[in-house]
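So the structure is just underneath, and the comments pick up after that.
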Amino acid sequence: MLAMVSGRSDPAGAEKRLCIGITLHPYYSFVKNIVGDRADVEPLIGAGFNPHSYEPQPNDIKRVMEMDAIVINGIGHDEFVFEIIEAARMKEKLHVIYANKAVALIPIPGTDPADKIVDSHTFVSITTSIQQIYNICAELTKIDPENAAIYRENAGSYALRLRRIKAGYMKKLADIPDIDFRCATMHGGYSYLLQEFGLEVTSVIEPRHGLKPTASQLRATIDLIKETGVNMVFSEMNFPDKYIDTIREATGVRLYTFSHITGGEYTAEKFEEDMIHNLDTLTTALIDAYYQKEKIDAGDNGKNAGPLPRETSQKGKKGKQYDGNKGESDPGSDDLL
Numbered sequence: 005m006l007a008m009v010s011g012r013s014d015p016a017g018a019e020k021r022l023c024i025g026i027t028l029h030p031y032y033s034f035v036k037n038i039v040g041d042r043a044d045v046e047p048l049i050g051a052g053f054n055p056h057s058y059e060p061q062p063n064d065i066k067r068v069m070e071m072d073a074i075v076i077n078g079i080g081h082d083e084f085v086f087e088i089i090e091a092a093r094m095k096e097k098l099h100v101i102y103a104n105k106a107v108a109l110i111p112i113p114g115t116d117p118a119d120k121i122v123d124s125h126t127f128v129s130i131t132t133s134i135q136q137i138y139n140i141c142a143e144l145t146k147i148d149p150e151n152a153a154i155y156r157e158n159a160g161s162y163a164l165r166l167r168r169i170k171a172g173y174m175k176k177l178a179d180i181p182d183i184d185f186r187c188a189t190m191h192g193g194y195s196y197l198l199q200e201f202g203l204e205v206t207s208v209i210e211p212r213h214g215l216k217p218t219a220s221q222l223r224a225t226i227d228l229i230k231e232t233g234v235n236m237v238f239s240e241m242n243f244p245d246k247y248i249d250t251i252r253e254a255t256g257v258r259l260y261t262f263s264h265i266t267g268g269e270y271t272a273e274k275f276e277e278d279m280i281h282n283l284d285t286l287t288t289a290l291i292d293a294y295y296q297k298e299k300i301d302a303g304d305n306g307k308n309a310g311p312l313p314r315e316t317s318q319k320g321k322k323g324k325q326y327d328g329n330k331g332e333s334d335p336g337s338d339d340l341l
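Mapped onto my numbering, the consecutive letters of the sequence shown carry residue numbers 5 to 341.
Shown next, in the form of structure tokens:
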């Protein structure tokens, strides 16, 4: 078992700070907001690497050997970490914190339930992220009891801040008139986010990250979009994909991009910033869908479309995305953001 931090010292006799490793960007934000300046938070891999395809390096073993604990996803997003822990012979010494221990996992739409393929993007949601924050905090208090009260206070303050962000968007989305929401997603990465706001995924274009659809699967997806009236596709930010372009050209659906919060620099603010982008994007998508519905119903290019509240974004136009045909958002939504 891992020794309690309060009783550990370095060779010089000074008290040793807790070193907590993380595998993904959201976990850096979670842990940093929990521990503040009371512990060190160290990413296991560099900011520019893709956790899905990462190949462990010799230096990773050295890094993990210097850690007291490590926070992991453990359900398909950071499989590389198990190889590193095994190679470092730290299996019995390292306190591994499974962030998703208390999270109700969602199967990826379109997969066989018997395969038990779950959406590992539990951090692309405020509700499930708060669950992870409290679970991480509880585990850290066991390792570092001297700072337990501070960790709990910090976790509570952080969770409150996140709940307020969610509440603001819940109100904004509630002000948008009801629409026929039908979306397809680029692999199963947004189930938790959409479920959080009572929205359902109609079709998944790429069931798992990096698994490209076959020509027959692509044709089936295009046919499904046309048959079900899917009116928007959510893809991953900074992830150009010819399959998405093909679907967009064949169906005319609008394309919007979400952040998976797994790229860029590791910062305490990363999770909040990227989630605000995602919620801005979702708001824009629903507004665009509303205006499109008004145009269809009115039969006059939307001239009779009713007004909506002007304030729908907490970050100005950061979430504004683009049209599936011309690379632009619906002109009507400009007046709402």
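Just so you know, even glycine gets a beta-carbon here, dropped at the ideal spot from N, CA and C.
**Message:** Considering only the alpha carbon of each residue, which of ALA106, ALA171, TYR155 lies closest to ILE130?
**Reply:** Looking up residue 130 in the sequence shown gives position 126. Nearest C-alpha to ILE130: ALA171.
Specify the secondary structure class of MET190 as computed by DSSP and reduced to three states. Stepping through the sequence shown from its first residue, residue 190 is reached at position 186. Here MET190 sits in coil by DSSP.
- Query: With burial defined as no fewer than 16 other Cβ atoms inside 10 Å of the residue's Cβ, what is the status of ASP123: buried or exposed?
  - Reply: Taking the sequence shown and counting its residues from 1, one reaches residue 123 at position 119. Answer is buried; the Cβ neighbour count reaches 16.
*Segment contact, 8 Å Cβ cut-off, at least three pairs: the region 184 to 191 with the region 49 to 64*: no
For the region 253 to 262 and the region 223 to 242, state whether three or more C-beta atom pairs, one from each stretch, are separated by less than 8 Å. yes
Would you call the region 36 to 48 and the region 153 to 169 in contact, with 3 or more CB pairs under 8 Å? yes
| query | Hey, out of GLU96, GLN61, ILE38, whose CA is closest to ALA163's CA? | reply | Translated into positions along the sequence shown, residue 163 becomes position 159. Checking every option, the nearest Cα to that of ALA163 belongs to ILE38.
Three or more C-beta pairs closer than 8 Å, one from the region 270 to 286 and one from the region 20 to 37: is that the case here? yes
Q | Beta-carbon spacing of ILE76, VAL68 below 8 Å | A | By one-based count along the sequence shown, residue 76 stands at place 72. By one-based count along the sequence shown, residue 68 stands at place 64. Result no, Cβ atoms of ILE76 and VAL68 do not sit closer than 8 Å.
**Prompt:** For ILE248, which residues from the same chain have a beta carbon less than 8 Å from its beta carbon, with the 5 sequence-adjacent residues on both sides left out?
**Reply:** Position 244 of the sequence shown, counted from the first residue, corresponds to residue 248. Excluding sequence neighbours, ILE248 sits near MET190, ILE209, VAL237, SER239, LEU259.
| query | Over what stretch of residues does the beta strand (DSSP E) that includes ASP44 continue unbroken? | reply | Position 40 of the sequence shown, counted from the start, is the residue given in the question as residue 44. From DSSP, the beta strand (DSSP E) with ASP44 extends over 43 to 47.
ask   = Residues bridged to GLY25 by DSSP?
value = For the purposes of this step, residue 25 is identified with residue 21 of the sequence shown, where counting begins at 1. DSSP lists GLU46, ILE74 as partners of GLY25.
Quick check on LEU98: does DSSP put it in helix, strand or coil? Here residue 98 is taken as the residue at index 94 of the sequence shown, counted from 1. Three-state DSSP puts LEU98 in coil, outside helix and strand.
Residue range of the unbroken alpha helix (DSSP H) whose run includes SER195: Taking the first residue of the sequence shown as 1, we reach residue 195 at position 191. Where SER195 is concerned, the enclosing alpha helix (DSSP H) stretches over 195 to 200.
task: Measuring only between beta-carbons, confirm whether ALA224 sits less than 8 Å from chain D.
output: Chain labels in this structure do not include chain D; a single protein chain is all it has.
query: Would you say the region 132 to 151 touches the region 98 to 109, given that touching needs at least three Cβ pairs under 8 Å?
result: yes
**Prompt:** Closest to THR232 by CA distance: which of GLU204, THR218, ASP64, SER220 is it?
**Reply:** Numbered from 1 along the sequence shown, position 228 holds the residue referred to as residue 232. Of GLU204, THR218, ASP64, SER220, the residue nearest in Cα terms is GLU204.
**Study point:** Nearest-angstrom beta carbon gap, GLU90 and CYS23 [assumed within contact, 8 Å]
**Key:** Translated into the one-based positions of the sequence shown, residue 23 becomes position 19. Translated into the one-based positions of the sequence shown, residue 90 becomes position 86. The Cβ separation is near 20 Å, so there is no contact.
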